[in-house]
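>
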Amino acid sequence: MAAALWPGPTPLSPTDIFAPASTPAKSIFELSLFVLSAAAAIFLVVFGLLVYAVLRFRKRANDDGREPAQVYGSTQVELAWTIIPVLIVLVLFLTSARVILSVQDAVQPAGALQVTVIGHQFWWEYRYPGLNVVTANELHVPVSDPQHPTPTVLKLLSADTDHSFWVPRLAGKTDLIPNFPNSTWIDPHEIGLYEGQCAQYCGTQHAKMLLRVYVDSREDFERWVQKQRQPAELSEAVSRGRAVFERTACINCHAVQGTAANGTFGPDLTHLMSRDTIASGAAPNTEEELRRWVENPDSIKPGSRMPAMGLDKQQLDEVTAYLVSLR
Amino acid sequence: MSTESMGWTATTDVPRPLVERLHHWVTTVDHKRLGILYVVYALIFLVVGGIEATLMRIQLIRPHNAFVSPQAFNQLFTMHGTTMIFFVAMPMVFGFANYLVPLMIGARDMAFPRLNAFSFWMTAFGGLLLYFSIVGGYGLYGAGGAPDVGWFAYAPLTAKTFSPGHSTDFWTLSLLVSGVGSIGTAVNLIATILCLRCPGMTLGKMPLLAWMNLTMAGLVILAVGPLTAAQLMLVVDRYLGGHFFDTQAGGSAVVWMHFFWVFGHPEVYVLAIPAFAFASEIIPVFSRKAIFGYPVMVAATLAIGFISMSVWAHHMFTVGMTSLANTFFVLSTMAIAVPTGIKIFNWLATMWGGKISFRTPMLFATAFLFQFLIAGLTGVMLSSAPFNWQLSGSYFVVAHFHYVIVGAILFMVFAAFYYWFPKVSGRMYDERLGKLHFWLFVIGFHLTFDFMHVPGLLGMPRRIYTYEPGRGWDVWNLIVTIGVLFQSAAVLVFVANLVLSWFRGQPAGSDPWDGWTLEWSTTSPPPEYNYAVLPVVRSRRPLWDLKHPEDPDWKYE
């Protein structure tokens with residue numbers, strides 16, 4: 001709440017809704033301050049009346065036992081506390097309607113970046129149709145200069161159950177519903193990492209379906225795109241691990257561009273090591289954690305859709321080495 | 328069959344054998360006994376649902392806790408929500424309505440006593456069916472499992488693909504069965520209130536409790552139908568190859584949401600309006616003043632009932648409705664604040680100029696006013712669709728609706744317990760234990776639900792079995808869990824007070840509160856037939872007229 005008083009500098013949390021860094025979140029934040037102050041004013045008036053009534057009209061110790069004067073009502077008073085709330089409601093309604101239209105029906109400039117977000121149990125797939133990039137769990141978007149906005153429009157789809165895309169500092173949440181395409185947009189003003197997580201219950205591991213949005217400078221974003229478009233760099237040194245990967249069921253779900261692996265149920269692994277986390281943010285992307293994840297996904301994310309393959313120690317080492325080579 | 332013909336009278340002194348007494352409870356069609364059955368049943372499930380909540384709060388006391396598995400946590404919040412709404416809150420308000428409505432309108436029983444018994448047992452078996460899932464949930468797949476789809480069971484998580492086994496079926500069937508009971512009770516209440524009022528009691532002279540329960544019953548009939556229809560459609564999807572909600576075959580997840588919330592939002596008022604009814608009876612008696620603005624209170628109740636049918640999609644601001652639809656539901660939702668505000672002001676005006684006696688029922692009623700005010704204001708925040716895009720699905724929403732259901736409804740239910748306990752048992756409760764219960768519960772409630780708003784504002788979604796450290800959520804979750812300790816202790820004191828006072832309390836007499844409505848004119852507990860001679864009334868406060876023949880109400884109404 002304190003952040004509401006000093007908008008901007010230090011958010012109380014990386015997911016503080018009162019520390020907006022993008023136009024939709026900012027419009028909501030300004031509206032919320034207005035609604036909060038209206039609510040606070042009403043609270044103070046009514047609470048004051050209640051406290052006064054409790055203190056002033058309590059039965060005294062020296063009460064004479066007579067009933068107080070019976071008042072049955074008053075048309076004027078009833079009218080007053082009908083009309084004043086009606087006016088308050090009208091004002092709140094009109095200010096809300098204005099923000100609904102400005103956020104929901106905003107016209108996007110032709111240069112807006114288009115990204116398709118597909119919710120899966122329990123991870124995020126990101127496709128950049130214009131750029132021929134496919135990645136998972138960590139969304140990269142360019143920073144948007146408020147003078148010359150370059151927003152990112154997110155098309156929201158679901159591959160299985162309902163999910164909800166919620167990165168509080170960038171925008172309010174919008175659900176991903178199978179058979180029901182949605183969209184939302186962001187135009188982050190500052191470079192940095194913005195966090196969030198799935199906000200619609202989607203099954204066993206709903207809690208570990210974390211969102212990470214990397215807002216890059218224009219140049220960094222271009223570099224990132226160039227790299228993501230390359231097929232995998234394959235090294236002879238890890239060919240044994242690649243063989244294990246391609247002979248077990250890994251390739252039923254995972255793709256590595258430029259190899260036989262072209263599964264689509266799980267995250268694309270072509271540039272796995274360009275990501276900071278694995279398992280949709282559940283663990284850091286280190287060699288050790290990768291090995292643990294491949295050996296037994298339930299040890300990091302019990303109930304995740306990835307099965308344990310029952311690999312022996314040597315196969316594990318080899319597959320891990322292969323995965324670590326996917327830069 | 329009348330119970331007299333079996334040799335029973337309400338004033339039997341010789342205790343009967345236990346088996347006979349139990350048999351009498353099971354076969355009873357007396358509205359008072361059925362009311363008590365409903366309420367005891369609700370209390371048992373209140374403890375069960377409370378234990379489920381406590382387990383969840385232990386799990387969330389710190390980040391990355393491993394007290395329960397994710398699967399168990401998901402079952403816990405599904406069972407907690409379903410239990411508290413369908414098998415605590417609804418039977419609780421039905422129980423009080425059953426007991427009080429015939430007494431307060433001067434009737435000898437409900438209009439259809441056997442339908443009444445049937446409705447209770449349907450509700451009761453619905454609850455048992457839900458909990459039978461724990462052993463039967465996976466059917467032939469092996470061990471049991473409770474449903475884990477959340478209390479609003481969004482499609483397509485309930486489809487066979489995502490929910491194999493029978494746990495979802497037990498959830499569906501339990502709501503179908505108890506829904507039949509709810510509709511039966513609603514029909515019965517409407518018939519009773521419209522047809523069985525004592526001579527002289529026109530609609531305009533009914534106690535507000537009767538008006539509000541009439542509105543509640545109307546809402547039940549309108550709201551439970553869509554829920555029942557949706558459950559049947561789900562059964563068709565799961566077993567007969569239907570595709571209503573089967574998104575993999577072109578069905579619509581959004582249609583389920585509409586069906587569910589067309590039920591779900593009026594349901595909030597099904598629970599809240601009876602709480603308003605208790606407040607409208609208890610606040611006047613303890614302020615020693617007639618209710619302020621009776622006709623306006625009736626109009627506001629009907630307005631709330633009417634508007635509540637048109638606000639359901641404010642639960643769906645994030646599902647991608649058009650801006651026009653979002654705008655409409657903002658307006659309809661905010662509109663409901665007006666009649667609700669009128670009620671708060673009328674209760675305040677009733678206290679104004681009175682001589683307020685803060686016995687336990689009035690303590691709970693005062694806290695209700697305070698908490699309902701806050702719940703209403705957070706409701707206004709949530710009704711603003713853009714603000715809702717941030718708050719929806721977060722712990723702020725969880726805090727908001729617990730403020731409504733616990734802070735307003737449950738507080739008023741506790742007030743009603745203490746207020747009518749002398750009538751039901753014939754004995755006074757212990758005032759010191761009552762006040763201890765009140766203060767413990769107020770402290771626990773505010774520790775838990777005030778601080779629960781904060782992690783929501785800091786981006787914590789609901790229904791997560793664990794959370795990441797470093798998000799600023801830890802300390803708030805710790806405080807929230809500590810509050811549960813106080814609430815649990817308070818409920819223990821409450822149950823102890825009920826049990827001890829039932830057997831050992833001081834005799835209460837027929838009218839311990841110097842009350843004004845008809846139930847206080849008969850003995851405590853009332854005889855099976857309620858009134859030996861049906862009362863005749865001339866005003867809204869027949870007992871005031873009797874006690875003040877020099878200044879009767881009917882001169883002013």
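Chains as they are written, first to last, in our numbering: chain A, 1 to 327; chain B, 328 to 884.
Note that beta-carbon positions come from the ideal geometry of N, C-alpha and C, so glycine has one too.
I need the DSSP call for B/Ile618, collapsed to helix, strand or coil.
DSSP places B/Ile618 in coil when its eight states are reduced to three.
> Give every residue of the same chain whose Cβ lies closer than 8 Å to the Cβ of B/Trp829, excluding the five residues on either side of it in the sequence, and list them in chain order.
Excluding sequence neighbours, B/Trp829 sits near Ser752, Arg754.
> Once DSSP output is grouped into helix, strand and coil, what is the label at B/Gly836?
B/Gly836: coil per DSSP, three-state reduction.
> Once the 5 residues before and after A/Pro68 are set aside, which same chain residues still bring their CB inside 8 Å of it?
Within the same chain, A/Pro68 has no close Cβ partners at all.
> Is the beta carbon of B/Thr660 less than 8 Å from the beta carbon of A/Lys173?
No, the pair does not count as a contact, with Cβ atoms beyond the cut-off.
> Going by alpha carbons, who is nearest to B/Arg790 out of B/Tyr426, B/Gly632, B/Ser719?
Closest option to B/Arg790, Cα to Cα, is B/Ser719.
> Have a look at B/Gly836 and B/Ser614 and give me their C-alpha separation to the nearest angstrom.
Rounded to the nearest angstrom, the two C-alpha atoms are 21 Å apart.
> What would DSSP say about A/Trp185, mapped onto helix, strand or coil?
Three-state result, A/Trp185: strand.
> State yes or no: is the C-beta of B/Asn392 within less than 8 Å of the C-beta of A/Thr204?
Their beta carbons are not under 8 Å apart, which means B/Asn392 does not touch A/Thr204 by this criterion.
> Within a Cβ cutoff of 7 Å, which residues of the same chain sit near A/Pro149, ignoring the five residues on either side of it in sequence?
These residues qualify, in order along the chain: Pro109, Asp187.
> Is it buried or exposed, B/Arg798, if we count other Cβ atoms within 10 angstroms and call 16 or more buried?
Label assigned to B/Arg798: buried.
> Just checking A/Val115 against the ligand ATP - is the residue's beta carbon closer than 7 Å to any of the ligand's heavy atoms?
Only the bare structure without any ligand can be found here, which leaves the ligand ATP out of the picture.
> What residues from the region 788-801 of chain B come within 9 Å of chain A, judged by C-beta to C-beta, listed N to C?
Correct list: Pro788, Arg789, Arg790, Ile791, Tyr792, Thr793, Tyr794, Glu795, Gly797, Arg798, Gly799, Trp800.
> Looking only at its own chain, which residues have a Cβ that is under 7 Å from the Cβ of B/Ala694, when we skip the five neighbours before and after it?
Answer for B/Ala694: Phe738, Val769, listed in chain order.
> Which residue wins for smallest C-alpha separation from A/Arg276, given the options A/Thr23, A/Glu195, A/Asn182, A/Lys155?
Sequence inspection shows Asp at residue 276 of chain A; the Arg mentioned does not correspond to that position. Nearest C-alpha to A/Asp276: A/Glu195.
> For chain A, find out if any of its Cβ atoms is closer than 8 Å to the Cβ of B/Phe776; answer yes or no.
Output row for B/Phe776: interface = no.
> Which of the three DSSP states is assigned to A/Arg16 in this structure?
Here the sequence assigns Asp to residue 16 of chain A, which means Arg is not the residue at that position. Residue state, collapsed to three classes: coil.
> Check the Cβ of B/Phe893 against every Cβ in chain A and list those closer than 7 Å, keeping chain order.
With chain B represented from 328 up to 884, any question about residue 893 of chain B goes unanswered, as that position is not in the structure.
> Using beta-carbon positions only, say whether B/Ala380 and B/Val731 come within less than 8 Å of one another.
Not closer than 8 Å, so no.
> Do B/Phe728 and B/Gly591 have their beta-carbon atoms positioned less than 8 Å apart in this structure?
Result no, Cβ atoms of B/Gly591 and B/Phe728 do not sit closer than 8 Å.
> Could you have a look at B/Ala676 and say whether DSSP puts it in helix, strand or coil?
Reduced to three states, the DSSP call for B/Ala676 is helix.
> If you measure from the beta carbon of B/Met333 to each beta carbon in chain A, is any gap under 8 Å?
Note that B/Met333 has pLDDT 45, beneath the 50 cutoff, so the model's placement of it is unreliable and the number below is only indicative. No, B/Met333 lies away from the interface with chain A (no Cβ there is under 8 Å from its Cβ).
> Does the CB of A/Val54 have a neighbour CB from chain B at under 8 Å?
Output row for A/Val54: interface = yes.
> For A/Tyr85, return the contacting residues in chain B, with the cut-off set at a CB-CB distance below 8 Å.
The question names Tyr, but residue 85 of chain A in the sequence shown is Pro. Ordered by position in chain B, the residues that pass the 8 Å Cβ test against A/Pro85 are Ala664, Val665, Gly668, Ile669.
> With DSSP run on the structure shown, which of helix, strand or coil describes A/Arg212?
In this structure, A/Arg212 counts as strand in the three-state DSSP scheme.
> Could you tell me which residues DSSP puts in a beta bridge with B/Leu373?
Paired residues: none, contrary to the question.
> Are any of the Cβ atoms in chain B nearer than 8 Å to that of A/Tyr214?
A/Tyr214 does not count as touching chain B.
> Relative to the C-alpha of B/Gly527, which candidate in B/Ala640, B/Ala434, B/Gly578 has its C-alpha closest?
It is B/Ala434 whose Cα lies nearest to the Cα of B/Gly527.
> Is B/Gly577 buried or exposed, if buried means 16 or more other CB atoms sit within 10 Å of its CB?
Under this definition B/Gly577 is an exposed residue.
> Run through DSSP, which three-state label would B/Arg790 get?
The answer is coil: DSSP assigns B/Arg790 none of H, G, I, E or B.
> Suppose contacts are defined by Cβ-Cβ distances below 8 Å. Is A/Thr82 in contact with B/Val818 by that definition?
No, these two residues do not count as a Cβ contact at 8 Å.
> Could you please give me the residues that DSSP links to A/Asp145 through a beta bridge?
The partner list for A/Asp145 (beta bridge, DSSP) reads A/His148.
> Alpha carbons only, please: which of A/Leu101, A/Val153, A/Asp160 is nearest the one belonging to A/Ile177?
Comparing Cα positions, the closest option is A/Asp160.
> Quick check: B/Gly508 and B/Phe414, are their CB atoms within less than 8 Å of each other?
No, they are not a contact pair.
> If you draw a straight line from the alpha carbon of B/Asp496 to that of B/Ile461, how long is it in whole angstroms?
Going from the Cα of B/Asp496 to the Cα of B/Ile461 covers about 12 Å.
> What is the rounded straight-line gap between the Cα of B/Tyr368 and the Cα of B/Ala473?
Straight-line Cα distance between these residues: approximately 20 Å.
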